[in-house]
Amino acid sequence: AVCNSNPTPCKDPPEKLFTVHGLWPSNKNGPDPEKCKNIQMNSQKIGNMAAQLEIIWPNVLNRTDHVGFWEREWLKHGTCGYPTIRDDMHYLKTVIKMYITQKQNVSAILSKAMIQPNGQNRSLVDIENAIRSGTNNMKPKFKCQKNTRT
1253 AVCNSNPTPC KDPPEKLFTV HGLWPSNKNG PDPEKCKNIQ MNSQKIGNMA AQLEIIWPNV
1313 LNRTDHVGFW EREWLKHGTC GYPTIRDDMH YLKTVIKMYI TQKQNVSAIL SKAMIQPNGQ
1373 NRSLVDIENA IRSGTNNMKP KFKCQKNTRT
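Residues in the sequence shown are numbered from 1253 upward in steps of one, following this note's numbering.
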């Protein structure tokens, strides 16, 4: 979706894999919070998490700057997650945990429902039903974005 809707196209072709778009807190009413605290990420501590994050949460617009991407995501969204998200490394670990250990791997869930990232249009209800089926009936939050690239 990012590659198709961004005015600057992705440098590499997207993999045939659904990846994490982001992790940010949301308000039930009103806009989602952004840039709550100016706390820089200590990227030296990422260590062996980088290999997993590059697969499940890549910077699809610049494959040479994953860490910079995660740092920007932390500042913009992660800092608003306290107290649920304790700090920068907990933020990154939460992405990994949700995707891998809590089975919120949308790629696997949608694949199981025969929904592949192949350009075929799918109804929102089909996608929602597949996600609910794969996440113990958890309702996903969708945000539609108009494709401005032609």
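The C-beta atom is built at its ideal place from N, Cα and C for all residues, glycine as well.
* Could you give the distance in angstroms between the alpha-carbon of Ser1385 and the alpha-carbon of Asn1370? -> 21 Å
* Would you kindly report the start and end of the unbroken alpha helix (DSSP H) that includes Val1319? => 1318-1328
* Answer with buried or exposed for Leu1344, where buried requires no fewer than 16 other C-beta atoms within 10 angstroms of its C-beta. => buried
* To do: Would you mind stating whether Ser1295 and Val1319 have Cβ atoms separated by less than 7 Å?
  => yes
* Status (buried if at least 16 other CB within 10 Å, exposed otherwise) for Gly1330 -> buried
* Could you confirm whether any beta carbon from chain C is found closer than 7 Å to the beta carbon of Gln1304? => Looking at the structure shown, chain C is missing, and only one protein chain is on hand.
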